[in-house]
Amino acid sequence: MNKSAMHSIAALALWVGAAAIFPAQAQVLEREVQNQVQLSASASVEVQQDLLTLTLAVTREGADPAALQSQLRQALETALSVAKPQAQSGAMDLRTGQFSLQPRYNRDGKITAWSGSTELVLEGRDFARIGSTAGKVQTLVISNASFSLSREARAKAEADVQASAIDRFKQRATEIAKGFGFASYTLRDISVSASDAGFMPRPRMMAMATKSMESDAAVPMEAGKTAVTVTVSGNVQLK
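Start counting the sequence shown at 390; every next residue gets the next number (this note's numbering).
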């Protein structure tokens, strides 16, 4: 028998063997696909928001863009001179925000005036310090404020609630398996995600962002709570 014939016989034997094996494997895969269930479970915890972000801003208008830019820069520099001495890492950090200068046009497309704004952002965990500093700044007023969770507080809340979310997922998977007449299950793929829903500041605080505020008056700050939710989702194989 020549080599060509031997190669043909070997190839035929492999093909026959594969044809016998693949149907069995296909049946196993089909059963596994049929017995998969996708599910999810969540757990939440309510925590106190510990981070305040307060934006101070001023908007000016004028015919001369150079003069307007100078006015905005002066207002920001004055605010920084007041806020910087109060800064303390973690308690109250500060940064400059948006600085914009935009033209205004009439119906003929000609520039009639300029509008500009500048911002200073105070952020930290010491609400009293931030409120006191905001009250001392006289060249800018509060334009926006929000409470949220610091990275440390969020990480702790997620760690506290993650175990509960996993336990609920396992319990639900067990109940589903038994409900369909299976003894147990195995994990196919799994994912864990976390989120929190922040609240806007209380109206009483925002009402203080007016020109009528007394000089050096501290702005009262009152944080709310937020729900940190951990969700476990994935596919399980019923057995």
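All C-beta atoms, glycine included, are put in the ideal place defined by N, C-alpha and C.
8 Å Cβ cutoff met for residue i and residue j
| i | j | result |
| --- | --- | --- |
| Val510 | Gly479 | no |
| Thr467 | Thr528 | yes |
| Leu440 | Ser537 | yes |
| Val608 | Ala523 | yes |
Per-residue DSSP class, three states only, for residue i
| i | result |
| --- | --- |
| Arg496 | coil |
| Gly484 | It is Arg, not Gly, that sits at residue 484 in the sequence shown. Note: Arg484 maps to strand in three-state DSSP. |
| Asp515 | coil |
| Gly479 | coil |
| Leu509 | strand |
| Glu435 | strand |
| Leu469 | helix |
Inter-residue Cα distance where the pair is residue i and residue j
| i | j | result |
| --- | --- | --- |
| Ala546 | Asn495 | 54 Å |
| Asp489 | Gln460 | The sequence given here places Ser at residue 489; Asp does not occur at that position. One C-alpha to the other measures close to 12 Å. |
| Val621 | Glu564 | 16 Å |
| Asp482 | Glu512 | 5 Å |
| Ala572 | Thr615 | 39 Å |
| Ser535 | Phe516 | 12 Å |
| Asp497 | Gln458 | 25 Å |
Where the alpha helix (DSSP H) containing residue i begins and where it ends
| i | result |
| --- | --- |
| Lys614 | Premise fails: Lys614 lies in the beta strand (DSSP E), 614 to 627, not in any alpha helix (DSSP H). |
| Phe558 | 540 to 568 |
From the options, residue whose alpha carbon lies closest to that of residue i
| i | options | result |
| --- | --- | --- |
| Ser521 | Gln438, Ala616, Lys614, Leu443 | Leu443 |
| Thr575 | Leu440, Ala583, Gln626, Phe516 | Gln626 |
| Ala455 | Pro492, Ala517, Ala430 | Pro492 |
Where the beta strand (DSSP E) containing residue i begins and where it ends
| i | result |
| --- | --- |
| Phe536 | 530 to 537 |
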